[in-house]
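Working notes for the structure below.
There are 2 protein chains.
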Amino acid sequence: MNRRSALGRIGTFALAGTLDVDRIGEPHGRKRQNTALRKIATEEACTFAEVAGELRKVVRAGGSNLDLRLLKSIYDAPPGVEPRFLPELLDFDAKRLVDMDRHGVSMHVLSLTAPGVQMFDAKTGASLATLSNDRLADIVRRHPKRYAALASFAPQDPQAAVKEMERAVNTLRLNGFIVNSHTNNEYLDQARYWPILEAAEALDAPLYIHPRAPSDGMAAPFRDYALESAAWGYGMETGTHAVRLMLSGVLDRFPKLRIILGHMGEGIPFWMWRLDFMGAPGGRAAGRSNRLKPSEYFQRNFAITTSGVEDPLALRYCIDRLGVDNIMWAIDYPYQTTAPAVSFIETAPMSDSDRRKIAHGNAERIFRIGSQG
Amino acid sequence: MNRRSALGRIGTFALAGTLDVDRIGEPHGRKRQNTALRKIATEEACTFAEVAGELRKVVRAGGSNLDLRLLKSIYDAPPGVEPRFLPELLDFDAKRLVDMDRHGVSMHVLSLTAPGVQMFDAKTGASLATLSNDRLADIVRRHPKRYAALASFAPQDPQAAVKEMERAVNTLRLNGFIVNSHTNNEYLDQARYWPILEAAEALDAPLYIHPRAPSDGMAAPFRDYALESAAWGYGMETGTHAVRLMLSGVLDRFPKLRIILGHMGEGIPFWMWRLDFMGAPGGRAAGRSNRLKPSEYFQRNFAITTSGVEDPLALRYCIDRLGVDNIMWAIDYPYQTTAPAVSFIETAPMSDSDRRKIAHGNAERIFRIGSQG
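The listed protein sequences correspond, in order, to chains G and C. Numbering-wise, my numbering comes out as the position in the first sequence, counting from 1, plus 4. Numbering-wise, my numbering comes out as the position in the second sequence, counting from 1, plus 4.
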């Protein structure tokens, strides 16, 4: 593995977004809401026809997995019923750019939408991750000022995943990675996935842990009232994943790993006092081996985005709790609409300096996006 | 059932704590930290030898239930190992009062510690709830200025539970009820438990939903790193319970039911924007029938306590999000120590008026505790 040499190459990567002059998709003269504030949206979903086709097969195969409910409505809508979100997910050159222009959004950091390739068999997953990453690299090449992108990988085969992660950064120059919480009901703290964490750290590229529905082993109470998805279950699943990473001690092995959580940190910032009080180092008898307090890991290893939580009070709390430097704005397009997300970042009470960091500055640093817009 | 007549009798109940003059357990001349601020601690744990003995049998019977880990350390410690917390849980007349006096705590609102009687068979559970409630009433009679108490009931037999709830309020004059989240992996939104919710509403007595470890159907990811208990799992279990109550629509049937959540609201205040956005009325297709937004239920039907979360920032967020009138202070004695909890309520930044409400005023109103201290 050439991770050390990869590090040398990444130095120039920070400028990748600014090298080409590309006016395709630039604002078409429409009125921007606030052109003075560069807005980089950091959790923006997309897919490709091949992935959508395989997800339709997953839906039709059925099973008890709780993601299937949403997946059916998107990828296997009954005849005559409009598939939810699918046209928007598949689009990069038309409606998406118009939406961005209309609302003054400078850039989408694109990522293959949940559950990514994680519900496929290992071979299909690896193949579709490669396809997705190639397509994303092409899209970013065509619209370098409008798009950055996170690479997918198939955790089902960790060794193959590492190879694809290296290719995605070293060759395709993508801006980080995305994984959708559990894979086959397993979490990244388990030793078989450590090569993935090791690769993300060595490549100095952030790993966005995006939600999916609760894993089978915690699914039961979420089967009623559609609790499995964005209203509640996504946060319980993804927050639990992050707490496993902190209390397992695995982050002591990968001290420079950078993890991103959406949805205002998946509840963890609010629980930080209790996590520290109950999860301080020294819990070996309980099976924990964390050397740091959860808040120390969170400060060192995590960043959060505002996706899906357009709440000025929660943002204020997070700025005060975490500091402003690891908070990034997001829309969660097309699952949430752009206008209120833009209004949120433009109007939530904070200093101008904080607003610039959250709207674009932190994303430029964390995702190595050119700062010249 | 005589719930209507019960309502009439409750009118005088608000003064129950002030009728007797009882100096037993009053401060023994020790220096109080802040005698000017009455401090009523609202989630204070206790048990009785009979309950402890039955819990030891539950521990020895074994099984996969995640509460058994903590229960073993308390109720079935190996020979030569000090049982955790048990002496403090069993004490009402000695160490507990000394601890209260030393730190200027006016009153404990006592409750039978988790999992209450909910892991026993229905008959044993009902019998021990009666025993616990009788004992608590006696303790409150002996120390009316130092103790109030919440009644237990055994949800395993909802009809018997209702009878005991009526007795606990109408005859014993206890101050509300406590239930420890799920019972046999079932939640209170299920129709068989509606009589319990109906009784609490009719008796105009609050129902404290206290944590226990995640139910079997969501337990798997919590089996590692001791995630099942206070560090993380308690909040996921209890928060999920509360969200089920909101999104099921069951609170439309019991609009005056008052539910109390500990631990700064079990995460729900932080998720409120997203809960509203994703859980607004109209989700019938998803199996929901809530007529109000989650935040509207939370405002109308819930109060929270600060137990286990001595975080001024989280408290500030909750005051701003929920308003100050439904937030109460708690220690979680003996699981957490008194001094830092007292320091928290005495020093966290807030107005004097807010401090008085959180330290005692809201508890006096919600639990009908005499305000003359």
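Heads up, the beta-carbon is just placed ideally off N, CA and C, and yes, glycines get one too.
- It is roughly 41 Å from the alpha-carbon of G:Lys260 to the alpha-carbon of C:Leu249.
- If you check the CB distance, C:Ser115 and C:Ala133 do not come in under 9 Å.
- Distance from the Cα of G:Met282 is smallest, within the candidate group C:Trp277, C:Cys50, C:Leu296, C:Glu232, for C:Glu232.
- In the structure shown, G:Asn294 falls within a coil segment according to DSSP collapsed to helix, strand and coil.
- By the CB criterion at 9 Å, C:Met240 and G:Gly221 fall outside the cutoff.
- Annotated as proximal: C:Ile264 and C:Ile308, with beta-carbon spacing under 9 Å.
- When only Cα atoms are considered, C:His267 and C:Met332 end up about 10 Å apart.
- Less than 9 Å divides the Cβ of C:Gly269 from the Cβ of C:Cys322.
- A residue is called buried once 16 or more other Cβ atoms fall within 10 Å of its Cβ, and G:Gly120 is buried on that count.
- Of all residues in the region 232 to 266 of chain G, those with a C-beta nearer than 7 Å to a C-beta of chain C are Ala234, Ala235, Trp236, Gly239, Met240, Thr244, Val247, Arg248, Leu251, Ser252, reading in chain order.
- For C:Met354, the secondary structure class from DSSP, reduced to helix, strand or coil, is coil.
- Assignment of G:Phe348 by DSSP, reduced to helix, strand and coil, places it in the helix class.
- G:Leu74 is a Cβ neighbour of G:Ala217, given a cutoff of 9 Å.
- Spanning the alpha carbons of C:Thr128 and C:Arg177 requires a straight line of approximately 23 Å.
- For C:Ala118, no CB of chain G lies under 9 Å from its own CB, so it is not counted at the interface with that chain.
- For G:Glu47, no chain C residue has a Cβ inside 7 Å of its Cβ, as the nearest lies near 14 Å away.
- In the three-state scheme derived from DSSP, where H, G and I count as helix and E and B as strand, C:Val144 is classed as helix.
- Exclusion of the five residues before and after C:Gly253 leaves Arg292, Ser293, Asn294, Arg295 as the residues of its chain whose Cβ lies within less than 8 Å of its Cβ.
- When 9 Å is used as the limit between beta carbons, G:Leu279 is near these residues of chain C: Ala235, Trp236, in chain order.
- Between C:Ile200 and C:Met169, the C-beta spacing is below 9 Å.
- Under a 10 Å Cβ-count criterion, G:Ala130 is classified as buried, with 16 or more other Cβ atoms of the shown protein chains found around its own Cβ.
- The Cβ-Cβ distance between G:Leu93 and G:Pro344 does not fall below 9 Å.
- Just so you know, the alpha carbons of C:Arg196 and G:His107 end up roughly 50 Å apart.
- The CB of C:Trp275 comes closer than 7 Å to the CB of Gly239, Gly271 in chain G, given here in chain order.
- Across the structure, G:Asn184 and C:His147 are spaced so that their CA atoms are roughly 55 Å apart.
- In this structure, G:Lys76 and G:Val63 form a Cβ contact; the two beta carbons are roughly 5 Å apart against a cut-off of 8 Å.
- Annotation: C:Met111 to C:Glu368 spans about 11 Å, alpha carbon to alpha carbon.
- When Cβ-Cβ separations below 9 Å define contact, G:Met268 makes contact with chain C.
- When the five nearest sequence neighbours on each side are left out, the beta carbons in the same chain lying within less than 6 Å of the beta carbon of C:Asn330 are those of Ala307, in order along the chain.
- Of all residues in the region 191 to 225 of chain C, the ones placed with a Cβ closer than 8 Å to any Cβ belonging to chain G are Tyr191, Asp193, Pro218, Ser219, Asp220, Gly221, Met222, Ala223, Ala224, Pro225, in chain order.
- For C:Tyr191 and C:His245, the gap between their C-alpha atoms comes out near 6 Å.
- If you check the CB distance, C:Leu211 and G:Trp236 do not come in under 9 Å.
- The C-beta separation of G:Glu314 from G:Phe258 comes to about 32 Å, leaving the pair out of contact by the 8 Å criterion.
- Taken through DSSP and simplified to helix, strand or coil, C:Met123 comes out as coil.
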